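Contents: one structure, followed by commentary.
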Amino acid sequence: VGVRDGRIVRYVADSYVYLPLIGVAVCAGALADALAAQFERIAPILRYALPLLVALACVPPFLRSQHRFSDDRALWAHALERYPYNARVCRQWANGMAKVRGPDLGLRATERCLQVFGDVLFAKNKGVLLGRLGRFDEAREWLERACVAELTHRTAAWYGAKGADCPPQYLA
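So the number in the numbering used here is just where the residue sits in the sequence shown, counting from 1, plus 5.
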């Protein structure tokens with residue numbers, strides 16, 4: 006849970022719901038067994054019908070969400086629609102664009118994120134993409150800029166900034 010622009014933001018990964026869903030499945034199975042024991046005449050129907058009904062109920066949401074998981078770009082584009090004010094989501098979306106659509110579109114996506122969130126998370130990405138495009142002088146400038154941004158950012162430790170990664174003139 007975090008606060009951004011006065012709004013409470015909850016970040017929930019799919020992995021957080023796996024264990025509770027296992028518990029729900031165990032409870033559904035226990036319910037089916039209890040109902041089967043209670044109503045012995047229809048026990049075979051309950052044992053097979055209840056899990057089938059649960060599975061059928063899960064199909065529509067599953068089908069609606071499939072497009073989100075087709076590739077990195079689709080996944081992070083969906084996340085960016087939901088959390089447009091999150092710099093890390095924007096970075097993942099830009100990385101997904103570069104991975105799926107190539108460095109040209111990845112560079113445009115990274116520049117969009119740079120305009121909104123600044124250098125700390127995006128200058129290095131831009132430098133790498135410029136290098137992949139063969140624009141090495143610009144790439145060097147952006148990688149040096151990324152080094153300076155990491156060293157001067159008040160939360161550089163959160164991002165793992167290391168002085169050893171920067172040229173000596175930036176460490177003074």
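By construction, the Cβ of each residue, glycine as well, lies at the ideal position given by its N, Cα and C atoms.
Source: prediction; values computed, not measured.
Simplified DSSP state of residue i, which is helix, strand or coil
i: P25; result: helix
i: Y53; result: helix
i: R140; result: coil
i: V153; result: helix
i: V125; result: coil
i: F67; result: helix
i: N100; result: helix
i: F74; result: helix
i: R159; result: Confidence is the limiting factor: at R159 the pLDDT is only 43, short of 50, which leaves the residue's position unreliable, though a coordinate-based value still follows. If DSSP states are grouped into helix, strand and coil, R159 belongs with coil.
Under 8 Å between C-beta atoms of residue i and residue j
i: R87; j: M102; result: no
i: R93; j: D124; result: no
i: W147; j: A128; result: yes
i: C118; j: C95; result: yes
i: V59; j: A35; result: no
i: L51; j: L40; result: yes
i: T115; j: K131; result: yes
i: A30; j: L55; result: no
Start and end residues, alpha helix (DSSP H) containing residue i
i: D77; result: 77-87
i: G136; result: 128-137
i: D109; result: 108-122
contact_flag[the segment 126-137, the segment 103-118] where n(CB pairs < 8 Å) is 3 or more: A contact is defined here as three or more CB-CB pairs under 8 Å, and the segment 126-137 meets this definition with respect to the segment 103-118.
Stretch-stretch touch, CB-based, cutoff 8 Å, three pairs: the segment 68-75 with the segment 31-44: When Cβ pairs closer than 8 Å are counted between the two stretches, the segment 68-75 is seen not to touch the segment 31-44, the count staying below three.
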